[in-house]
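Encoded as structure tokens, the structure appears first; notes follow it.
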Amino acid sequence: MNSKISDLRFLAVFFTLCIALLGITAPIFAQQKGGERKVSGKVLDETREAMIGVNITVSGTTIGTVSDLDGNFSLVVPNGKTVLQFSFIGYETQSLQIPANNILKVKLQPQAQALSDVVVIGYGSQKKSDLTGSVSDLNSKDFNGGLISSPEQLINGKVAGVQIMSNSGSPTSGSTIRIRGGASLNASNDPLIVLDGVPLESGGISGNSGNFLSLINPNDIESMTVLKDASSTAIYGSRASNGVIIITTKKGSSDKIKVSYSSTQSIQTKTKLISVLSPDQFRNLINEKGTTAQKALLGDASTVWNDEIFHSAFGTDNNLSISGKIGKFLPFRVSTGYYSQDGLLKTDNAERFTESISLTPSFFENHLKVNFNVKGSYNNNSFANTTSIWNAAAFNPTQPVYSGNTAFGGYYESLNTEGIPATGAILNPVGLLKQDDNTSTVKRMITNLDVDYKLHFLPELKAHVTLGYDYAKGEGSRYVPETAAYAYSTGGTVYDYSQTKMNKLLTTYLNYTKMFDAISSNVDATVGYDYQYWHEKSPLYVVNNVAGVAQSTTAAQDQKHVLISFYGRLNYSLFSKYMLTATVRKDGTSRFNKNNRWGTFPSVALAWRVSEEDFLKNSNVLSNLKLRLSYGVTAQQEGIGNYSYMPIYTLSDEYAQYPLGNTYYKTYRPETYVSDLKWETTNSYNAGFDFGFLKNRISGSFDYYTRKTKDLLATVSVAAGTNFSDKATTNIGNIKSHGLEFSLNAIPIQTKDFTWNMGFNATYQKVKITNLSLVKDASSPGTYAGPSVGSRNLQIMTEGYTPYMFFVYKQIYDEAGKPIEGAYADLNDDKVINDKDLYRYHSPMPDYLLGFNTQLAYKNWSLGFALRASIGNYVYNNMNMNLGAWETMQYVSSAINNLSTNYLKTGFQTRQYYSDYYVENASFLKMDNISLGYDFGRVLKFANIRVGALVQNVFTITNYSGVDPEVSEGFDSQFYPRPRTFSLSVNLDF
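Its first residue numbered 107, the sequence shown is counted upward by one per residue in my numbering.
Structural data, given as structure tokens:
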């Protein structure tokens, strides 16, 4: 619960008890007699906890009472009076009609202003009304529901300008998070994540490489704040170019011990899969068009390979927490959680055990506050071989799963004349899954100690110290037997790996806050120092075959880097109407040489609360209008090596030595480096306004931003002989972006029994490269980028264009609209079709992002759903291209392969890699979830019980022909489908 509301409730109870103890009888508590009726009931808060000290009065009289320790009340109401009024500081006042049975059960709702008044920002908190930057704040009541594996999924679709995309449907995969599209190219575009004041390590760890955030239990999170513009992010300086997400976990506060238990059980099912020919369609096609040799390779089975590798997957998420106070001074919260989710692929699973402890004592009449948090997780992962997705699409559907003999584990495989798996043949997808034991264990502990001391002799000044420690260890193993066709040529695969990551933080700052009544001004100033140290270590690991013969090695790693920072911020307000925020941060990183090591990043923002002006202050319609303008500089040094500016020579291991005569010697190999690497910097402008109408029943915000990133840290080609590789990461080029963001929240209906809430957000974004070359070359189309398809790069980055545009030929069609094989437009009109006719055709980046959510509550019932849309994003359908040509049907003489149903539309004989026919509009509308819940209230004085049912990934509306229009990097290659999830949940509060 919001700390401010808790404090207000405490004060109200305190004064009520004082009045009772002193025997003071105020007129409001006087009882009338004669011609009356007795009315009784109970008052609960929004979490269905009993409320103490609520004022209950008979409307139009001075007759009243207060609720007792259990929230119960009774009073005598004179004849002719039919309405009771319930009021409590920090909560909405309610006037309710007395029912015929004279018994009332009342649930008070926190005032919207009180609940969301304080927002957690960098190095402190601030009233939302005083914010000058573009900030979005969501708390637990706003989060997405259902089986949530990772914290970022809680806010997906809820915040304008924020795009969150799960990388696949696997429970072990992570998400790609972009705030305002990101500000870089090759350096990191991930936002900074700050957990309880500790900036977390970006990226992943061995054994959990794509899903580092999933090691945090979403059930422990109280709120998430998204900082988007430079004014709000600049306090984090060199890590904030891509925005900041601040995560605050739940704490204990109530005097009453509260026990909460929640359990969610789910079933995940397949949605859309790769569309390939059925066994009968394939058999008929080969009999119609195949050669005699190809027909001889048809079998007698009818195997739907997708049914053999996918299944319905069970999931469970269970959480238990206890919170309250030990004695009079030690608020606490402890929680434990267990999460397990099978994947749609049969050998896929993620399992997580979590524990957390939070202690928040205060001393010396709240002058000294301590906040201690420990969060631990233990993850077990089992990774499915996702190559089986491609193989299930392509494997001969007329052959069986099992061969009937013991060779190759008993699985049917395509063999050559020597009776061994044919080189280049597609392998049995079930064998790939079942004969690959790939597991990992990941442990993580995040702890922080905050000490906040408000000086006794100068209470306006407080000193704050944060000590943070984030430790993770990942280790795993993989075993593929020598009998598996996958590793037959090498004699199997056996290896173990491990990695540790450590992140230490020291934060110290002084904060001075004072209200100068004489000049109606408020000053809030902060100055501080940060030291953060990262250490990543992994030993040498060797991939052996089952016999112990080395096949390959991975060198040991011992990486360190340090960031030292000095920063200051001034918040100033005049008459609570005119506001200024000025920030400056100076960062020093060990990733650059001493001449470029330090960078200074300032910002300034202004805001005007127009609604507080005299000509609007008493408006019955306009509740809030605040204009905002900001400018700031942030920077980037993530996504590059820790020693990329230094000449590094790597010593070879014992498996990579050079012979001189009969003696083998280890060698030193030079690494690519650029000595003058420096900060990639982003200059940002933001203009916007916040608005509210009808006591903020309708509220929202609008923002326009522009960003320019210079000295891009990009990997580009370099002249031969100038470095130890043909490519190097260096500072080069500029990129510009701009966008619009709009959010709207409304309560269209709010009555005693029925409430309707809704939220909508919209984002427009555009990015353009303005410079990206070391040497100007008019003949160069740009820098090739993105995933390769058949050793071909189909994306390009070019000055004047959006990054990662597809670089393809313009397909020509016949009169019936069928693509003509090998027929492309001669765009330069030179009568020859060559690479000069390739053109830039769309980008995976969407132009518009939309989100809509709504909740309806009728008495104890609740219904809600969330929609999300992406418009203008394009995807290269590599599955249709690769499986859509007759040549794909036979790679080797001893096997034939299935084809995509797209072949029936094109009839292509060879794969058309560069045809824009395969670049499809992947705009979509998704219903992310729909939920139905019922609140039983307190049952048999035992517990408050709430049950719910929820469906996630309900439907997708799109013209894209592939499995899912939302794919990483805009390439659809053996995409692991996202499941549809059906969940039942129960929540108990004791």
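Every residue gets a Cβ at the ideal spot worked out from N, C-alpha and C, and that includes glycine. Bear in mind that the values here come from a model prediction, so they are computed numbers and not experimental data.
Asked: Contact between the segment 681-693 and the segment 651-659 (3+ Cβ pairs under 8 Å); Found: no
Asked: Contact between the segment 709-724 and the segment 256-272 (3+ Cβ pairs under 8 Å); Found: no
Asked: Three CB pairs or more closer than 8 Å across the segment 511-528 and the segment 575-586; Found: no
Asked: Between the CA atoms of Thr339 and Asn1008 - distance to the nearest angstrom; Found: 47 Å
Asked: Among Ser894, Ser1029, Asp809, Pro305, the one whose alpha carbon lies nearest that of Tyr910; Found: Ser894
Asked: Every unbroken beta strand (DSSP E) inside the segment 682-715 [3 residues or more]; Found: 684-695, 704-715
Asked: Cβ contact (3+ pairs, closer than 8 Å) linking the segment 272-289 and the segment 588-595; Found: no
Asked: Residue from Ser627, Thr492, Gly580 with nearest C-alpha to Glu642; Found: Gly580
Asked: Three-state secondary structure assigned by DSSP to Leu519; Found: Looking at the sequence shown, residue 519 is not Leu but Glu. Coil, per DSSP.
Asked: Simplified DSSP state of Asn867, which is helix, strand or coil; Found: strand
Asked: Asn934 vs Glu905 beta-carbon contact at 8 Å; Found: no
Asked: Exposure label - Glu566; buried when at least 16 CB within 10 Å; Found: exposed
Asked: Cβ-based burial, Gln215 [other Cβ within 10 Å; buried from 16]; Found: exposed
Asked: Where the beta strand (DSSP E) through Met911 begins and ends; Found: 911-914
Asked: Local conformation of Leu391 per DSSP, three classes; Found: helix
Asked: Which listed residue (Lys607, Ala266, Ser235, Ser671) has its alpha carbon closest to that of Tyr615; Found: Ser671
Asked: CA-to-CA distance, Asn502 to Tyr445, given in whole angstroms; Found: 38 Å
Asked: Chain-order list of residues whose beta-carbon lies under 6 Å from that of Ser464 (same chain, five-residue window excluded); Found: Lys357, Arg439, Asn479
Asked: Cβ distance (whole Å) where Tyr890 is taken to contact Arg946 below 8 Å; Found: Going by Cβ atoms, the distance from Tyr890 to Arg946 rounds to 12 Å, so no, they are not a contact pair.
Asked: Beta-carbon contacts of Asp1041 that lie in its chain and below 6 Å, excluding the five residues immediately before and after; Found: Asn966, Arg1052
Asked: Alpha-carbon spacing of Ser256 relative to Leu319, whole angstroms; Found: 6 Å
Asked: Inter-residue CB distance, Gly845 and Ile875 (contact presumed, cutoff 8 Å); Found: That belief does not hold up - the Cβ atoms of Gly845 and Ile875 are roughly 16 Å apart, past 8 Å.
Asked: Counterpart residues of Thr545 in DSSP-defined beta bridges; Found: Ser488, Ser583
Asked: C-beta contact flag for Phe1137 and Pro952 at 8 Å; Found: It is not possible to answer for residue 1137, since the shown part of the chain is limited to 107 through 1096.
Asked: Paired residues, beta bridge with Met608 - DSSP; Found: Tyr577, His641
Asked: Three-way DSSP call (helix, strand, coil) for Ala593 in this model; Found: helix
Asked: Euclidean distance between Cα positions of Ala407 and Val507; Found: 9 Å
Asked: Simplified DSSP assignment, three categories, for Gly343; Found: helix
Asked: Entirely enclosed alpha helix (DSSP H) segments - the segment 196-242, minimum 4 residues; Found: 218-221
Asked: As assigned by DSSP and simplified to three states, the class of Asn1093; Found: strand
Asked: Distance between beta carbons of Val149 and Asn208, contact taken as under 8 Å; Found: About 16 Å separates the two Cβ atoms, so there is no contact after all.
Asked: Contact under 8 Å by Cβ, Asn792 with Leu819; Found: no
Asked: Local Cβ density within 10 Å of Cys124, reported as buried at 16 or more and exposed below that; Found: Bear in mind that the predicted position of Cys124 carries a pLDDT of just 40, short of 50, making it too unreliable to give a figure here.
Asked: Closest by C-alpha distance to Asp243, when choosing among Lys213, Pro535, Glu394, Gly806; Found: Gly806
Asked: Close-in-space but distant-in-sequence residues of the same chain around Asp602 (CB under 6 Å, 5 per side omitted); Found: Ser583
Asked: DSSP state of Leu1103 mapped onto helix, strand, coil; Found: The structure shown does not extend to residue 1103, since the chain spans only 107 to 1096, so no value can be given for it.
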